[in-house]
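Start counting at 1 in the sequence shown, then tack on 264, and there's your number in the working numbering. Input: a single structure, listed below in structure tokens.
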Amino acid sequence: MQTFLNQFLAFSETHKLLSKKKRVLVAVSGGLDSMALCHLMLKAEFPFAIAHCNFNLRGKESDGDEYFVKAFANTHNIEFYSTKFDTKSFAETNKLSIQEAARKLRYNWFSELLNRNKLDCVATAHHLNDNIETVLFNLSRGTGIKGLRGILPKQEKIIRPLLFATRETLESFAKQENISWREDSSNTSDKYSRNFIRHKIMPLFKEINPSFEQTFAENIAVFSEVENVFKNHFNKILKALVFKRHNDFYISIEKLKTLPDKRSILFTFLKDFGFNAQQIDDILKNLTGQAGAIYSSGTARIIRDRRFLILTKGKEEDASAHFIEEATQEIKTSQFTLKIELPDSLPNSLKTTTESAFVNKAELQFPLMLRKWKAGDYFYPFGFNLKKKKVKKFLTDLKLPLHEKENVWVIESNKKIVWVVGLRADERFNVNAKNPTLKFTMLPNENTFG
265 MQTFLNQFLA FSETHKLLSK KKRVLVAVSG GLDSMALCHL MLKAEFPFAI AHCNFNLRGK
325 ESDGDEYFVK AFANTHNIEF YSTKFDTKSF AETNKLSIQE AARKLRYNWF SELLNRNKLD
385 CVATAHHLND NIETVLFNLS RGTGIKGLRG ILPKQEKIIR PLLFATRETL ESFAKQENIS
445 WREDSSNTSD KYSRNFIRHK IMPLFKEINP SFEQTFAENI AVFSEVENVF KNHFNKILKA
505 LVFKRHNDFY ISIEKLKTLP DKRSILFTFL KDFGFNAQQI DDILKNLTGQ AGAIYSSGTA
565 RIIRDRRFLI LTKGKEEDAS AHFIEEATQE IKTSQFTLKI ELPDSLPNSL KTTTESAFVN
625 KAELQFPLML RKWKAGDYFY PFGFNLKKKK VKKFLTDLKL PLHEKENVWV IESNKKIVWV
685 VGLRADERFN VNAKNPTLKF TMLPNENTFG
């Protein structure tokens, strides 16, 4: 089928996927699609190796697939890699579906193979029908405009050189070329969403339009262009709408109100943090309401402040207290690292900053305690002429938003607060020339949020 080979080469050339200079790792399950891809690679004389994953989900059938692919590689003298996974155990441990677990295991292993064997990219056998199923599946889940572009021909080190071909054309090619393949019994089950779309939904579309695949392919191309236009608009809006402080994102309520497409902008920004369309509607309804409302996605929170919607991580479990012995030099929390030292020399100004505090060591009783502040805590803020103040009132006067209040820590010595970490030291531990000075330094952790 020379025409089909030419289509394969043309698609590869258009998207800069394959060349005789690239060393490609082809993911081969043994099914129709991946075996057809292998034969096309051989016909085009593109150099490649084969990687096969045995997910141990179908017993002897899985082992048969592995043997079949290995035999093919040996017959054609192709470099072959295989591995076995305990997919069910991995899915249970990481609270993933079987399909999600298999995908994570597969691509992590592919990445290792690329690095270890100096291969350029991974080629998968996704075809046009897979792409259509993906778009329909994304529509059913509500992934927004990004989900309508479907599977990309090239994404970092993953290429998909069969996206131009339908399942039907691949099967015709395989039969004409006498290509053998393995049937995956799980593909006949409708318990997976994609299989249901494949077996139940897509045939109905084909009844309406016999050229459904080609029509949909043209639509996917349009959706991809529209998504690029929207992405450029979105990025421009985002620069004016959102700023980042520490690990949190601040969304201006006043600016958001003025946007005619505020729902699309907010949904696009927040969906990757786990927020759904209904939550976006609830947030927008409260733009003119009272401050203090909290919306949670499980992994993140939106706090409705006076002027901002503040996107912050979900509340983390942390040790309730860390003890600081006299010899302790460093303590790590989920938010920051606390360094403790006796400085060799002192700066001209010993004024406490947001990062550090200097205290009179002679007044301390070890072990000290590093903990979150709690109701009833009080201290004598430096610069207040030994006036007692509750920590809660102190934080309120600073007009800290709720999530920042929740994350305030204190250092305590014999039930006396030494430093409200990152904010204010206690006057009672003020340094003097007669006694050694201890320096506390708070270093915020590198941001891993967003």
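We put the beta carbon where it would ideally sit given N, CA and C, even for glycine.
Select from the options the residue whose C-alpha is nearest the C-alpha of residue i.
i, options, result
"Glu220", "Cys385, Ala300, Asn540, Phe310", "Absent from the structure is residue 220, since the part of the chain shown begins at 265 and ends at 714."
"Ile396", "Val506, Ile461, Gln593, Asn550", "Ile461"
"Ala591", "Phe646, Ile566, Phe630, Val674", "Phe630"
"Phe275", "Leu306, Asn318, Leu392, Lys549", "Leu392"
"Ser715", "Phe437, Gly295, Asn341", "Outside the shown range of the chain, which is 265 to 714, sits residue 715, and nothing can be said about it."
"Phe587", "Lys439, Ser475, Leu573, Arg635", "Arg635"
"Thr495", "Leu628, Gln271, Arg413, Leu707", "Note on identity: in this sequence residue 495 is Lys, with Thr being the wrong assignment. Nearest C-alpha to Lys495: Arg413."
"Asn388", "Asn379, Pro417, Glu376", "Checking the displayed sequence, the identity of residue 388 turns out to be Thr instead of Asn. Among Asn379, Pro417, Glu376, the Cα nearest to that of Thr388 is on Pro417."
"Lys549", "Ser449, Arg527, Asp641, Lys535", "Arg527"
"Val290", "Ile342, Lys535, Phe268", "Ile342"
"Tyr642", "Glu594, Ser609, Lys680, Ala585", "Lys680"
"Met633", "Leu662, Trp683, Glu670, His667", "Trp683"
"Glu489", "Ala557, Ile465, Lys410", "Lys410"
"Lys603", "Lys470, Glu477, Phe704", "Phe704"
"Lys577", "Lys652, Lys382, His667", "His667"
"Val685", "Asn696, Phe646, Val695", "Phe646"
"Gly556", "Glu309, Lys669, Thr407", "Lys669"
"Leu269", "Leu575, Ala429, Val506", "Ala429"
"Ser598", "Leu606, Ala585, Glu589", "Ala585"
"Gln554", "Arg565, Leu573, Phe537", "Leu573"
"Asn694", "Asn649, Glu376, Lys657", "Asn649"
"Leu575", "Asp512, His316, Ala313", "Asp512"
"Leu607", "Tyr345, Ile465, His390, Leu702", "The sequence given here places Pro at residue 607; Leu does not occur at that position. For Pro607, the nearest C-alpha among the options comes from Leu702."
Classify residue i as buried or exposed, calling it buried when 16 or more other Cβ atoms lie within 10 Å of its own Cβ.
i, result
"Pro700", "exposed"
"Lys698", "exposed"
"Phe539", "buried"
"His510", "exposed"
"Thr532", "buried"
"Ala335", "exposed"
"Thr712", "Reliability of the predicted coordinates at Thr712 is poor, the pLDDT of 45 falling under 50, and the value obtained from them is presented with this limitation in mind. Exposed is the call here."
"Ile484", "buried"
"Ala626", "exposed"
"Arg367", "exposed"
"Gly714", "Here Gly714 scores only 45 on pLDDT, less than 50, and its place in the model should not be relied on; the value that follows carries that caveat. Looking at its Cβ environment, which holds fewer than 16 other Cβ atoms inside 10 Å, Gly714 is exposed."
"His497", "exposed"
"Pro665", "buried"
"Val288", "buried"
"Thr563", "exposed"
"Arg380", "exposed"
"Ser298", "buried"
"Glu477", "buried"
"Thr601", "exposed"
"Arg405", "exposed"
"Ser444", "exposed"
"Ser361", "exposed"
"Asn709", "exposed"
"Phe507", "exposed"
"Lys486", "According to the sequence shown, residue 486 is Val rather than Lys. Exposed."
"Lys535", "buried"
What does DSSP give as the partner residue(s) for residue i in the beta ladder?
i, result
"Thr705", "Lys603, Ser620"
"His316", "Ser346"
"Ile415", "Answer by DSSP bridge pairing: none, since Ile415 is not bridged."
"Lys577", "Ala564"
"Phe572", "Ser516"
"Ile422", "Val386, Gln419"
Measure from the C-beta of residue i to each C-beta in chain C and report whether the shortest distance is under 8 Å.
i, result
"Leu377", "The chain labelled as chain C is not found in the depicted structure, where only one protein chain is given."
Considering only heavy atoms of the ligand MN, does any lie closer than 7 Å to the CB of residue i?
i, result
"Ile547", "Only the bare structure without any ligand can be found here, which leaves the ligand MN out of the picture."
message: Could you check whether the segment 682-689 touches the segment 621-633, counting it as contact only if at least three pairs of C-beta atoms, one from each stretch, sit closer than 8 Å?
response: With the cut-off at 8 Å, the segment 682-689 and the segment 621-633 touch.
- prompt: If you pair each beta-carbon of the segment 417-433 with each one of the segment 269-285, do three or more pairs fall below 8 Å?
  reply: Touching, per the Cβ criterion.
query: Of all the alpha helix (DSSP H) runs that stay within the bounds of the segment 282-313, which reach a length of 4 or more residues?
result: As far as the segment 282-313 is concerned, its whole alpha helix (DSSP H) runs of at least 4 residues are 296-308.
task: Give, in chain order, every unbroken run of the beta strand (DSSP E) that is at least 3 residues long and sits entirely within the segment 668-702.
output: Here the runs fully enclosed are 673-677, 680-684.
- prompt: Between the segment 347-360 and the segment 315-322, do three or more beta carbon pairs fall short of 8 Å?
  reply: Contact between the segment 347-360 and the segment 315-322 is established, with three or more Cβ pairs separated by less than 8 Å.
task: Let me know the alpha helix (DSSP H) ranges lying completely inside the segment 579-665, each 4 residues or longer, listed in chain order.
output: Unbroken alpha helix (DSSP H) stretches of 4 residues or longer found wholly inside the segment 579-665: 655-661, given in chain order.
message: I'd like the ranges of any beta strand (DSSP E) spanning at least 3 consecutive residues and lying wholly in the segment 330-399.
response: Along the segment 330-399, the beta strand (DSSP E) occurs as fully enclosed runs of 3 or more residues at 344-348, 385-387, listed in sequence order.
- request: Please list the segments of the alpha helix (DSSP H) lying wholly inside the segment 497-568, counting only runs of 4 or more residues, in order along the chain.
  value: Fully enclosed alpha helix (DSSP H) runs of 4 or longer: 517-521, 526-534, 541-549.
message: Any contact between the segment 544-558 and the segment 513-533? By contact I mean 3 or more CB pairs, one from each, below 8 Å.
response: In short, these stretches touch, since the Cβ pair count reaches three.
- prompt: Hey, is the segment 500-519 in contact with the segment 563-572, meaning 3+ C-beta pairs nearer than 8 Å?
  reply: Contact between the segment 500-519 and the segment 563-572 is present, because at least three Cβ pairs lie under 8 Å.
task: Evaluate contact between the segment 637-644 and the segment 668-676, counting only Cβ atoms and requiring at least three cross-stretch pairs below 8 Å.
output: These segments touch.
4-residue-minimum alpha helix (DSSP H) runs that sit fully inside the segment 424-470, ordered along the chain: Segments of the alpha helix (DSSP H) lying fully in the segment 424-470: 431-440, 457-460.
- prompt: For the 8 Å Cβ check, are there 3 or more pairs between the segment 378-386 and the segment 354-365?
  reply: Output reads no: the segment 354-365 does not touch the segment 378-386.
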